[in-house]
Amino acid sequence: MKPALAFRQPHYPSSWQALPNGEVIKKAIEQELAPWWQKFFGYHLIKLGALSSEIEIPDCTINHQVSISIKNGLANVVGDIDDLPLQEHSVDVCLLSHALEFSLDPHHVVREANRVLIPNGYLVLTGFNPLSLVGLNRLLPYRRSKTPWNEHFFSPMRIKDWLHLMGFEILADQRCLHSSLTGKVSTDSLEQRWHKLAKNYLPALGSVYVIVAKKRVLPLTPIKPKWQIRSGFRPVKVPSLSTHRELMDTKKGQQKR
Numbered sequence: 001m002k003p004a005l006a007f008r009q010p011h012y013p014s015s016w017q018a019l020p021n022g023e024v025i026k027k028a029i030e031q032e033l034a035p036w037w038q039k040f041f042g043y044h045l046i047k048l049g050a051l052s053s054e055i056e057i058p059d060c061t062i063n064h065q066v067s068i069s070i071k072n073g074l075a076n077v078v079g080d081i082d083d084l085p086l087q088e089h090s091v092d093v094c095l096l097s098h099a100l101e102f103s104l105d106p107h108h109v110v111r112e113a114n115r116v117l118i119p120n121g122y123l124v125l126t127g128f129n130p131l132s133l134v135g136l137n138r139l140l141p142y143r144r145s146k147t148p149w150n151e152h153f154f155s156p157m158r159i160k161d162w163l164h165l166m167g168f169e170i171l172a173d174q175r176c177l178h179s180s181l182t183g184k185v186s187t188d189s190l191e192q193r194w195h196k197l198a199k200n201y202l203p204a205l206g207s208v209y210v211i212v213a214k215k216r217v218l219p220l221t222p223i224k225p226k227w228q229i230r231s232g233f234r235p236v237k238v239p240s241l242s243t244h245r246e247l248m249d250t251k252k253g254q255q256k257r
């Protein structure tokens with residue numbers, strides 16, 4: 001297994017148009033997440049990264065939505081997603097859409113999201129599935145020099161393992177877009193028989209994964225001390241050598257009398 005830390009600075013795309021069939025990927029993610037936004041409650045929702053900033057969330061109950069990025073004009077706050085300018089436990093929902101593949105230290109990005117989330121907050125992650133047609137394209141030499149195949153893809157199992165170590169509960173692990181995403185992909189082509197069969201019978205091989213996790217924090221229950229009346233300290237009298245001599249001298253004196 002390759003280390004998660006990248007050996008060079010990844011080329012983070014400034015928008016979905018910078019990715020092959022980026023608009024198709026964006027619409028597929030929005031369709032997968034549409035039922036979830038109505039289930040989230042709270043006060044603050046943040047979108048981390050340029051790609052997350054463009055994800056439309058029309059039916060979310062959280063009105064205050066903030067985008068944090070350094071490469072997108074839609075961002076409300078200019079900042080790095082691996083060093084968030086937010087207080088600890090201040091966000092209810094965090095969206096990380098295709099940010100880990102283009103991060104220098106993706107594990108640290110997830111830790112930062114975990115830091116700013118409140119207990120029982122929600123973390124939404126999307127990315128490219130290496131165990132799919134998109135992942136197989138990385139084996140072709142001429143694909144390795146093109147975006148996004150020149151970056152590191154993380155499997156959903158590895159992402160979920162990171163989340164489990166941080167105390168997250170996985171609520172959903174979904175796949176979409178059973179396509180290699182090469183060439184021009186349209187909505188009509190995704191409705192073909194092959195895509196429908198793959199979606200029904202090979203759901204785990206979707207090119208894009210969508211993970212929804214909930215941050216679980218176990219509260220510390222204080223244990224009340226049981227007050228007991230302890231007996232006072234009473235040293236045990238052990239006869240010493242000097243005490244033995246004093247007793248012998250006392251007996252000798254009595255005998256002389």
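When we follow UniProt numbering, the leftmost residue of the sequence shown carries the number 1, and every step to the right adds one.
Ideal Cβ placement from N, Cα and C applies to all residues, glycine included.
In this structure, how does DSSP classify residue i when only helix, strand and coil are distinguished?
i, result
"V210", "strand"
"R175", "strand"
"I70", "coil"
"M165", "First, the amino acid is wrong: residue 165 is Leu here, not Met. Helix."
"I29", "helix"
"G127", "strand"
"K146", "coil"
"L45", "strand"
"I159", "helix"
"L65", "Checking the displayed sequence, the identity of residue 65 turns out to be Gln instead of Leu. In the structure shown, Q65 sits in a strand (DSSP, three-state: E or B)."
"K215", "strand"
Since residue i and residue j are thought to touch, with beta carbons under 8 Å apart, how far apart are those beta carbons, to the nearest angstrom?
i, j, result
"L48", "A4", "The Cβ separation is near 17 Å, so there is no contact."
"E169", "K199", "Not really, about 26 Å apart at Cβ, beyond 8 Å."
"H44", "H64", "5 Å"
"N137", "R175", "No, N137 and R175 are not in contact; Cβ-Cβ is about 17 Å, not under 8 Å."
Run the CB neighbour count on residue i, radius 10 Å, all protein chains shown included, and call it buried at 16 or more, exposed below.
i, result
"T221", "exposed"
"V217", "exposed"
"Y209", "buried"
"A28", "buried"
"L74", "exposed"
"P141", "exposed"
Please state whether the Cβ-Cβ distance between residue i and residue j is less than 7 Å.
i, j, result
"D92", "G121", "yes"
"G42", "I57", "no"
"V66", "I46", "yes"
"H178", "G206", "yes"
"I211", "L125", "yes"
"E151", "F102", "yes"
"W37", "C60", "yes"
"residue 263", "P148", "The chain is shown from 1 up to 257; residue 263 falls before or after that span and cannot be answered."
"S52", "S97", "yes"
Which complete alpha helix (DSSP H) runs does the UniProt domain "Methyltransferase type 11" (75-125) hold, if anything under 4 residues is left out?
As for any alpha helix (DSSP H) of minimum length 4 sitting wholly inside the UniProt domain "Methyltransferase type 11" (75-125), the runs are 106-116, ordered along the chain.
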